[in-house]
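Have a look at the structure below, then the notes.
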Amino acid sequence: MTKLSIGDKEYDSADFTEEQTNLFSILNLGQNSVSLLNHMLQCTQAIQQMKTQELKTSLEGPQTIGDVLDKKAKKLKKSVKVDADGE
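All residue numbers for the sequence shown refer to the numbering used here, where the first residue is 17 and numbers rise by one.
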């Protein structure tokens, strides 16, 4: 059946008692729930970031190509300065 690792030890679920099988099922359900909740959290955080950016754009207006190029130029100047200082 399924191999289960707890700490450094591995167990074969084929050897489990009924009680151990029930506990293993509960652990699997818990892990699946945690995975689902993490996925929901990541989706919610992504939507929050998008809507925050939408609101910012709505309040400040969309970025122009000049704004984007200025930002990239400043970032490039900063990285070149760091490289020159760090040699």
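Note that CB positions come from ideal geometry on N, CA and C, so glycine has one too.
Just so we're clear, the structure is a prediction, and the values are computed from it rather than from any experiment.
To the nearest angstrom, how far is the alpha carbon of residue i from that of residue j?
i, j, result
"residue 91", "residue 75", "24 angstroms"
"residue 97", "residue 82", "22 angstroms"
"residue 45", "residue 93", "52 angstroms"
"residue 59", "residue 24", "34 angstroms"
"residue 69", "residue 89", "22 angstroms"
"residue 14", "residue 63", "There is no way to answer for residue 14, as the model of the chain reaches only from 17 to 103."
"residue 85", "residue 78", "14 angstroms"
To which residues of the same chain is residue i closer than 7 angstroms at the C-beta, ignoring the five residues directly before and after it?
i, result
"residue 40", "20, 29, 32"
"residue 61", "none"
Could you name the residues of the same chain whose beta carbon sits closer than 6 angstroms to that of residue i, not counting the 5 residues immediately before and after it, in chain order?
i, result
"residue 87", "none"
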